[in-house]
Amino acid sequence: MKTIRIGNGQAFWGDTAKAPLDQVRYGELDYLMLDYLAEVTMSIMQKMRARDPEQGYARDFVPLMENLLPEILERGVKVVANAGGVNPVACARAVMEVADKLGLADRVKVGVVTGDDIMGDIDQILAAGEPLKNMETGAPLTNVRDQLASANAYFGGFPIAEALAQGADIVITGRCTDASLAVGPLIHEFGWQTDDWDKLSAATIAGHVIECGAQATGGNCMADWDQVDDMAHIGYPIAEFSEDGSFVVTKPEQMGGRVNVASITEQLLYEIGDPNEYKTADVVCDFTTIQLEQLAPNRVQVSGIKGKPAPDYYKVSMSYAGGYKTTGTLVYGWPDAVKKAEAADRIVRKRLDDLGLSFDAMHTEILGANACHGPALSGEVEADIAEVQLRLGVRSQDKQAIRRFTHEIAPLVCNGPPTVTGYFGGRSRVEEVIAYWPALMDKQYAKATVTLLGGK
Numbered sequence: 016m017k018t019i020r021i022g023n024g025q026a027f028w029g030d031t032a033k034a035p036l037d038q039v040r041y042g043e044l045d046y047l048m049l050d051y052l053a054e055v056t057m058s059i060m061q062k063m064r065a066r067d068p069e070q071g072y073a074r075d076f077v078p079l080m081e082n083l084l085p086e087i088l089e090r091g092v093k094v095v096a097n098a099g100g101v102n103p104v105a106c107a108r109a110v111m112e113v114a115d116k117l118g119l120a121d122r123v124k125v126g127v128v129t130g131d132d133i134m135g136d137i138d139q140i141l142a143a144g145e146p147l148k149n150m151e152t153g154a155p156l157t158n159v160r161d162q163l164a165s166a167n168a169y170f171g172g173f174p175i176a177e178a179l180a181q182g183a184d185i186v187i188t189g190r191c192t193d194a195s196l197a198v199g200p201l202i203h204e205f206g207w208q209t210d211d212w213d214k215l216s217a218a219t220i221a222g223h224v225i226e227c228g229a230q231a232t233g234g235n236c237m238a239d240w241d242q243v244d245d246m247a248h249i250g251y252p253i254a255e256f257s258e259d260g261s262f263v264v265t266k267p268e269q270m271g272g273r274v275n276v277a278s279i280t281e282q283l284l285y286e287i288g289d290p291n292e293y294k295t296a297d298v299v300c301d302f303t304t305i306q307l308e309q310l311a312p313n314r315v316q317v318s319g320i321k322g323k324p325a326p327d328y329y330k331v332s333m334s335y336a337g338g339y340k341t342t343g344t345l346v347y348g349w350p351d352a353v354k355k356a357e358a359a360d361r362i363v364r365k366r367l368d369d370l371g372l373s374f375d376a377m378h379t380e381i382l383g384a385n386a387c388h389g390p391a392l393s394g395e396v397e398a399d400i401a402e403v404q405l406r407l408g409v410r411s412q413d414k415q416a417i418r419r420f421t422h423e424i425a426p427l428v429c430n431g432p433p434t435v436t437g438y439f440g441g442r443s444r445v446e447e448v449i450a451y452w453p454a455l456m457d458k459q460y461a462k463a464t465v466t467l468l469g470g471k
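The following block contains the structure:
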């Protein structure tokens, strides 16, 4: 029975650059998938492109390819990456420049998937009667239209499969579902159609399990985390996918980490919402029928997966300018560290009231005194903590109000509670808030296009 090995080498933009090389060298892969994009990443890339029309993609990807290209060509590994961000074509050109520099340009074909960026079509889409309502609040997009910074539809795996069918060695996409970086190669390899729901669902879940990199191999895993082998050299996950729709999750034998039922279970539950209906562009997945079996050390089989017809809509990830924010911090030491931090918080709030300043949101945390778990953690906070960090954050549409807040933290060093430290960084920086707007949109408003660069 035919089996395809897909390894993940990046979980986000900023992940370790060593993982892709380790996967290619030790993973015996057919495909390497690299996931760079998060919800707010697209707006950051829009700003990059506004400053330079040749930017707007994950810049780490290009120097990585300088190291990877000779290796993937030698081993026959194909790469699928959403590194294109809001400018996949520029990203592909940059990769071809690297290939040319290495004397490999006529041996490499780069497929580019575009069409997900609907920023320029928003007004026409709204005029056609698509409200692009916020999935969480129900508010129409017109409420923030003037502040909109980015808008991208989540494509599925079929455009990636088309690029591979055209002979691409590397496929670069803009926004697509994270799992589709695995779904696309499997559609291509097994010749699935749009109504092969169980297999598309299985492929989606395989992609979901490995998309976050080492989270599937013992990283960020609650179960016996201190027993994970050699986390300093943790291996990234590999899905061995079979024609029957089952797959095995493993990792390179030479690397550290751990693949067991617990690590896979935790990753399966990551960001899924309703387990009966995990919706993607390609299929609706049912997580409730999944069966896990530990076949051997670092080998977990996943089977029993069912799927349902794909929805008629794409999810759209949008971001908009949501005002300004800043965060100020101070450290208070023993004795009475918590009481001092609480007093400093009250002092700052009173001084801001005296100035007539108000904010859309103001939040206080005392790090070291149950700031993470709150009421979910039973028992009282230890009374005699050695030190805590006071963290004060504010958000407002008024940039001047935020700037004025930054003036009220440093004075506490001399006119607030004693045993204070941690104030050497100066005033906190005022930052723009990039707010998230998720919506659903009929698929007719976004069409994927595949183009090919390079090769003879």
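Numbering (the working numbering), first residue to last: 16 to 471.
C-beta: ideal position from N, C-alpha, C; glycine also.
Computed from a predicted model, the values in this text were never measured in an experiment.
The three-state reading of DSSP puts Lys124 in strand, counting E and B together. For the options Ala229, Cys236, Val198, Asp413, the alpha carbon positioned closest to that of Ala218 is the one of Val198. The count of Cβ pairs closer than 8 angstroms, one atom from the region 342-359 and one from the region 306-326, stays below three, leaving the stretches out of contact. Look at Leu84 here: in three-state DSSP terms it is helix. Per DSSP, the unbroken beta strand (DSSP E) holding Cys300 starts and ends at 299-301. The Cβ atoms of Ile19 and Pro174 do not sit closer than 8 angstroms to each other. Looking only at Gly288, Gln306, Glu292, the smallest Cα-Cα distance to Ala277 is reached by Gln306. If you draw a straight line from the Cα of Arg90 to the Cα of Tyr41, it comes to about 11 angstroms. With the rule of 3 Cβ pairs closer than 8 angstroms, the region 389-408 does not count as touching the region 450-458. In the structure shown, His378 adopts extended strand secondary structure according to DSSP, grouped into three states. One alpha carbon belongs to Phe374, the other to Asp138, and they sit about 31 angstroms apart.
DSSP places Asp193 outside any beta strand (DSSP E), giving it a letter other than H or E. The criterion of a C-beta distance shorter than 8 angstroms is not satisfied by Glu402 and Val363.
Ranked by Cα distance from Gly250, the first of Val128, Arg273, Val315 is Arg273. In this structure, the beta-carbon distance from Ala247 to Ile187 does not fall below 8 angstroms. Cβ-Cβ separation between Leu119 and Leu84: approximately 6 angstroms, consistent with a contact (criterion under 8 angstroms). By alpha-carbon distance to Ile220, the top candidate from Asn167, Gln230, Tyr293 is Tyr293. Secondary structure note for Tyr41: its alpha helix (DSSP H) is the uninterrupted segment 33-41. Sixteen is the threshold: since fewer than 16 other Cβ atoms of the shown chains lie within 10 Å of the Cβ of Val428, the residue is exposed.
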